[in-house]
Amino acid sequence: MKKTITIFILSAILLTAACKKDGKPVVKPVDTAKALATNAPPKKWQEHWYEHDDLLTNVYYNDDLALYYDNEMDTAITWPRGAYTRIWHYIKQNYGNFGDSSRFYVVLHANKHEGSGHPAPYYDVSHDYRNVLDVGESLSDWYKEEGDKLRLPIHEIGHIVASSSHGRTHDLQDGNIWGDSKFAEIFIYDVLLNTGYKSEADAVYAQMNDPSQTDNYSYPGVSYPGVNFFVDWFYPIYTKYGKGAVLARYFKQIADNVPMDRTDDLNLGEFVHFFSGAAGANLRGQAKIAFKEYWTSDVEAQLKQAQLDFPGVKYPY
1274 MKKTITIFIL SAILLTAACK KDGKPVVKPV DTAKALATNA PPKKWQEHWY
1324 EHDDLLTNVY YNDDLALYYD NEMDTAITWP RGAYTRIWHY IKQNYGNFGD
1374 SSRFYVVLHA NKHEGSGHPA PYYDVSHDYR NVLDVGESLS DWYKEEGDKL
1424 RLPIHEIGHI VASSSHGRTH DLQDGNIWGD SKFAEIFIYD VLLNTGYKSE
1474 ADAVYAQMND PSQTDNYSYP GVSYPGVNFF VDWFYPIYTK YGKGAVLARY
1524 FKQIADNVPM DRTDDLNLGE FVHFFSGAAG ANLRGQAKIA FKEYWTSDVE
1574 AQLKQAQLDF PGVKYPY
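In structure tokens, the structure reads:
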């Protein structure tokens, strides 16, 4: 089913301390000359989605990125060129391509749509069949290469990854597992860590481990109130079984084993089964730690049924 996912990010998800960019990016940006691009994107692009109606101007492009500003943005703000090029390049490197085009279309608004954003995947007609990120902040905020200007866009890109990896057209986890979006927390951490923003990644880690954080109880689509997905599920798996690669293998397990026309969400037992396949290890014990009282006899039965229904997922059990 073709759809565009619209997300309005809770401030608690994206709250950060200002952090200085540090370290060299793992993926070097291709941002030296527009001539490097094989074909130019449209110079102008008229928005025609949701309440958006700006005539956008392309201010920069390369083979990975087409960057558009509305008329309130300051064209002297150039850091998004390298930043979003590195981010998209790393995501393609880790998760594969999304559709026929490798280029990512980033739309930045100033003084409108502040603190909110949405993605659109390549199969969505509403955004002209392009992989799109559309996000707004105040103009003064856009001068700072930090915090929400990095986290919010990466959060939105995570929805493209979760819904569109390996030719899929539906996120099988957002309604029944991680909502909007506990996956984004580890995704943001990993992307920042691999694109030259270690101090920003460290700030995410500190926030996720802050015992005063209440976001685990209240976020869009919450299914397991109180479960700390980052601390008790994703991060232990991430550090033990391959970091960003294990996240990518999870979506490959889904692609290889779940019928492409399935639209109903995974149940918790299936979710643990596919992640176990990605890790190459039985994650039942970690699931019991992470999901606590939600790991019931019914969920045990779901896991056993998933092992029968999807025998192509390989790990010891």
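Counting in the numbering used here, the sequence shown runs without a single skipped number right up to 1590 at its last residue. C-beta: ideal position from N, C-alpha, C; glycine also. What you are looking at is a predicted structure, and each value in this text was computed from that prediction instead of being measured.
Residue burial annotation: residue 1581 is exposed, with fewer than 16 other C-beta atoms found within 10 angstroms of its C-beta.
For residue 1509, the three-state secondary structure derived from DSSP is helix. Per DSSP, the continuous beta strand (DSSP E) segment holding residue 1377 begins and ends at 1377-1383. Annotation for residue 1395: 1371, 1372, 1373, 1374, 1402, 1403, 1404 and 1437 place their beta carbon closer than 8 Å to its own, counting only its chain and skipping 5 residues before and after. Its Cα nearest to that of residue 1485, the residue 1499 stands out among 1493, 1499, 1427 and 1524. Partner residues in a beta bridge of residue 1447, as assigned by DSSP, do not exist. Under the three-state reduction of DSSP, residue 1584 is assigned to coil, being neither helix nor strand. A distance below 6 Å between beta-carbons, with the five flanking residues on each side excluded, links residue 1538 to the following residues of its chain, in chain order: 1445, 1448 and 1449.
Burial is judged here by how many other beta carbons sit within 10 angstroms of a residue's own beta carbon; residue 1519 has at least 16 and is buried. A direct Cα-to-Cα measurement between residue 1457 and residue 1493 gives close to 13 Å.
Going by C-alpha positions, residue 1412 is about 20 Å away from residue 1378. Closest in alpha carbon position to residue 1387, among 1329, 1368 and 1409, is 1409.
When C-alpha distances from residue 1583 are compared across 1564, 1553 and 1532, the shortest belongs to 1532.
Rounded to whole angstroms, the gap between the alpha carbons of residue 1574 and residue 1542 is 8 Å.
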